[in-house]
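Protein chains: 4
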Amino acid sequence: MTHAAPLSPRKTPRQSRSRASYEAVLTAAAQILERDGIAGLNTNAVAERAGVSVGTLYQYFPGKEAIAAELVRRIKAQLLDDLTGALVAAQGRSLREAAQIVLSASIRHHARAPELSRELERIEEDLPLDDEVAAITDKVHAGLIGLLAEHALPAPEVVARDLTAMSRGMVHAALFAGETDLAQIERRLLPAILGYLGLDPRG
Amino acid sequence: MTHAAPLSPRKTPRQSRSRASYEAVLTAAAQILERDGIAGLNTNAVAERAGVSVGTLYQYFPGKEAIAAELVRRIKAQLLDDLTGALVAAQGRSLREAAQIVLSASIRHHARAPELSRELERIEEDLPLDDEVAAITDKVHAGLIGLLAEHALPAPEVVARDLTAMSRGMVHAALFAGETDLAQIERRLLPAILGYLGLDPRG
Amino acid sequence: MTHAAPLSPRKTPRQSRSRASYEAVLTAAAQILERDGIAGLNTNAVAERAGVSVGTLYQYFPGKEAIAAELVRRIKAQLLDDLTGALVAAQGRSLREAAQIVLSASIRHHARAPELSRELERIEEDLPLDDEVAAITDKVHAGLIGLLAEHALPAPEVVARDLTAMSRGMVHAALFAGETDLAQIERRLLPAILGYLGLDPRG
Amino acid sequence: MTHAAPLSPRKTPRQSRSRASYEAVLTAAAQILERDGIAGLNTNAVAERAGVSVGTLYQYFPGKEAIAAELVRRIKAQLLDDLTGALVAAQGRSLREAAQIVLSASIRHHARAPELSRELERIEEDLPLDDEVAAITDKVHAGLIGLLAEHALPAPEVVARDLTAMSRGMVHAALFAGETDLAQIERRLLPAILGYLGLDPRG
DNA sequence: AATGAATGAGGCTTCATTCAT
DNA sequence: GATGAATGAAGCCTCATTCAT
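Protein chains in written order, with the working numbering: chain A, -6 to 196; chain B, -6 to 196; chain C, -6 to 196; chain D, -6 to 196.
Below you can see the structure in the form of structure tokens.
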């Protein structure tokens, strides 16, 4: 009975009271996701924690998927934000320096809320892939690809995907294992990236 | 109120009739997991696909978690198997060669059933972590750590974790994106690993 | 693995709509209990007879035990009510008169719905014994004990228990056998009680 | 689907091995009944505890009810046994003495396995009432009635029922409350019975 | 006779979603 | 707009009973 459920919010309210409810729902969902993973995410629980009735929740979201989708959208947007600065800063630098700058930004992004971001990445992998998210992802990729192309790397799409996946994998594993020193993680990951890029890892 | 659900099978039957049912359940579960992910894994579906009644399923497993746990156990055991050969072959080789051998084995392992192995890895991350699985994981790690220690690498546990996570991440992403040429993937991943290890990636 | 099931209602609604459902569930449960005993008490049957969905039932009660517990609570409260009047009336009377007054009230209490009250007494014996019920039971006992102490009887707790149990047993048996003349029953039981109390049964 | 299940054993085996299984089932059932009450009585559990397969259980009993019924039959037969001696001893004695003798036997009967006997009494009340049990019960009653008639008591059937019920009620309550001194219980109950019979309780 | 694997009806409970107020 | 009571499909699990070996 999977009815290709709609993933976009029903209305994005502008009035303050509505706005508050809308945000409350998202915040509650994020907290639950962080604490209990996707298994714990159910509309009744979200509404309750948001201090809002289920009815209201459904006023703004056509279903639970849509809530998750909106969270994905936001975290992706934030990633774009986080990376954009780095990409600008990386412009004109050597590939080695550029890699370091972007990596650093990326790690900081994931470290903000590791559990939540891991959960949202999982959801993103499973979800039918929303247009808007795709658009953001494309922008992120485009930035990365641009940077890579600047340094005349072949198949920059593949490179972007590889580096993203490698980094995600390692960073999540490290954070999951209890590490907190981001610089440490970065110091270990950078040589791998440099190696991938064919640069001498011993800077 | 997460009731620390029991994860071990109820009985591991040796008689042919039972054995067949037991295996049918596991096979069905693996197929469902592969097709629909953990969300689709429910006792009724598994029983039906296994051509067995729910009652029979419960005869052997105290619940769906236990089925998943057994699958995790098996895939880990297989990984151990797959790696053991590689680790033996790697003995006495240079770090560079050793890395290549192990990586190759690891990729082949994941490529057998990418969706399933990804799903099982997720499950493993979420599960309370079963003693038996922990034991197998330890053996895998011990093998890796031994190899790394042979080459006088510091903090081999961290290195093992980092490399495992990086590789998993990238390999899954590549397979997910539709790549099928394992050699290709290996050729991209190896330099990253060499870089991580501080070796010159351009062999 | 008896999970100390929760016995208190989830919410005791005050709004008319909810209130009606809540009461409907209790009424239905009482009827079923009366007709089929505890074996027939299952959530589906209760919900159906109450003209309510299972979901609604679970909105108010965490499980069938909780429904039974609430019925026990109510009948005990009613017993307390019924006896309180009698105890007041018995004050200052002779022990013989007092016994007769209390007995009479007690019989009338049981005769209201003999099947139901017998079933609820059984349940009460089996249940983990709820705080609230314990409190009511204590009050009932306290009343009885007070009365007995007034007449300088030793070990009034034991006496209260003995008389209660004897009466229950005989009254239920008589009603079960089809007797309907309460006065008859009372006339037979009273001498036993007087005898127990060491008074001359031939008043 | 209550098919008026048959209550008599399928066959009462005479061969030693069969006999042993048959008895093992009954013993197991009694133990479970004693420990967990009727709720815990299920055929699989009984068979397992009896060290016998379910198939074998069904060889001898057409269903779980039949097992319970047989236990009821036996305990009733035992009661008859226990009382018969007392009734003989009571013959020719004064009513007061006779009452004391029978009461004493009755208390001893219940005290052998209070939990079990209470559980079986409940079952008996609920069961469709088996012919054989009815026959035994009649004999018990007849004995009692004979004794009562000997002393020219009117409506001896009612008296028998009343006294039985009163005694049961009080004895079970006392045992349930943890009392172990049977003589104590008897000393309290006797005057009630004497009172009931219109005799001076202060012997 | 005995075994025990298999069955499936039936009972329990949750949670996404609707809708009257 | 908001509420929250109500719904019921869907998943979980047990246990009485059958039947092939």
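Every residue gets a Cβ at the ideal spot worked out from N, C-alpha and C, and that includes glycine.
Fair warning: this is a prediction, and the values are worked out from it, not measured in the lab.
- F54(B) sits in coil when the DSSP states are folded into three classes, being neither helix nor strand.
- Between L80(B) and L140(B), the beta carbon gap of about 6 Å places them in contact (Cβ cut-off 8 Å).
- The criterion of a C-beta distance shorter than 8 Å is not satisfied by A153(B) and I129(B).
- For P194(B), the chain A residues whose Cβ falls inside 7 Å of its Cβ are G188, G191 and P194, in order along the chain.
- Assigned with DSSP and collapsed to three states, H144(A) falls in coil, not helix or strand.
- Within the stretch 149 to 161 of chain A, the residues whose Cβ lies closer than 9 Å to any Cβ of chain B are, in chain order, V151, V152, R154, D155, L156, T157, A158, M159, S160 and R161.
- DSSP places A106(C) in the coil class of the three-state scheme, outside both helix and strand.
- The C-beta distance from V65(C) to H103(C) rounds to 15 Å, too long to fall under 8 Å, and the pair is not in contact.
- Using a Cβ distance threshold of 8 Å, L190(A) and L76(A) do not count as a contacting pair.
- Sequence-distant Cβ neighbours of V39(C) in its own chain, meaning closer than 8 Å and more than five residues away, are V18, A21, A22, I25, L50, K57 and I60.
- Within chain A, the residues R154 have their CB atoms less than 7 Å from the CB of A170(B), given in chain order.
- For T157(A), the closest of A62(B), L156(B), G162(B) and D155(B) by C-alpha to C-alpha distance is G162(B).
- Ranking Q71(D), R101(D), A43(D) and L96(D) by CA distance to the CA of S11(D) puts A43(D) first.
- Boundaries cannot be given for Q84(C), as no alpha helix (DSSP H) includes it and DSSP labels it neither H nor E.
- Within the stretch 104 to 124 of chain A, those residues whose Cβ lies closer than 8 Å to any Cβ of chain B are, in chain order, R115, E118 and D119.
- As the crow flies, the alpha-carbon of P107(A) is around 26 Å from that of V133(B).
- Counting along the chain, the unbroken alpha helix (DSSP H) around A40(C) starts and ends at T36 to A43.
- DSSP places K4(B) outside both helix and strand once states are collapsed to three, so it counts as coil.
- At a cut-off of 8 Å between beta-carbon atoms, R181(D) makes contact with chain C.
- Contact with chain A is absent for A176(B), since none of that chain's Cβ atoms lies less than 8 Å from the residue's Cβ.
- Straight-line measurement puts the Cα of D131(D) at about 30 Å from the Cα of L96(C).
- Those residues of the stretch 37 to 62 of chain B placed with their C-beta closer than 7 Å to a C-beta in chain A do not exist.
- Between E179(B) and I100(B), the C-beta gap is smaller than 8 Å, which places the two residues in contact.
- Within chain A, no residue has its CB atom less than 7 Å from the CB of G33(B), the nearest being about 10 Å off.
- Scanning L182(C), L34(C), S14(C) and A176(C) for the CA closest to the CA of Q52(C) turns up S14(C).
- Nearest in C-alpha terms to A98(C), of all of E112(C), A83(C) and L109(C), is A83(C).
- When 7 Å is used as the limit between beta carbons, G139(A) is near no residue of chain B, the shortest such separation being about 20 Å.
- Closest option to Q93(A), judged by alpha-carbon separation, among A70(A), I186(A), G78(A) and D193(A): I186(A).
- Taking a Cβ-Cβ threshold of 8 Å, the residues of chain D close to A166(C) are R154, D155, T157 and A158, in chain order.
- Sequence-ordered contacts of the stretch 68 to 95 of chain A with chain B are nonexistent [C-beta pairs closer than 8 Å].
- The Cβ-Cβ distance between D123(C) and L0(C) falls below 8 Å.
- Rounded to whole angstroms, D119(B) and P184(A) show a C-alpha spacing of 30 Å.
- Scanning its chain for C-beta atoms nearer than 6 Å, with the 5 sequence neighbours on each side dropped, one finds around E27(A) the residues E108 and L109, in chain order.
- DSSP, reduced to helix, strand and coil, places A170(B) outside both helices and strands of the structure shown, so it counts as coil.
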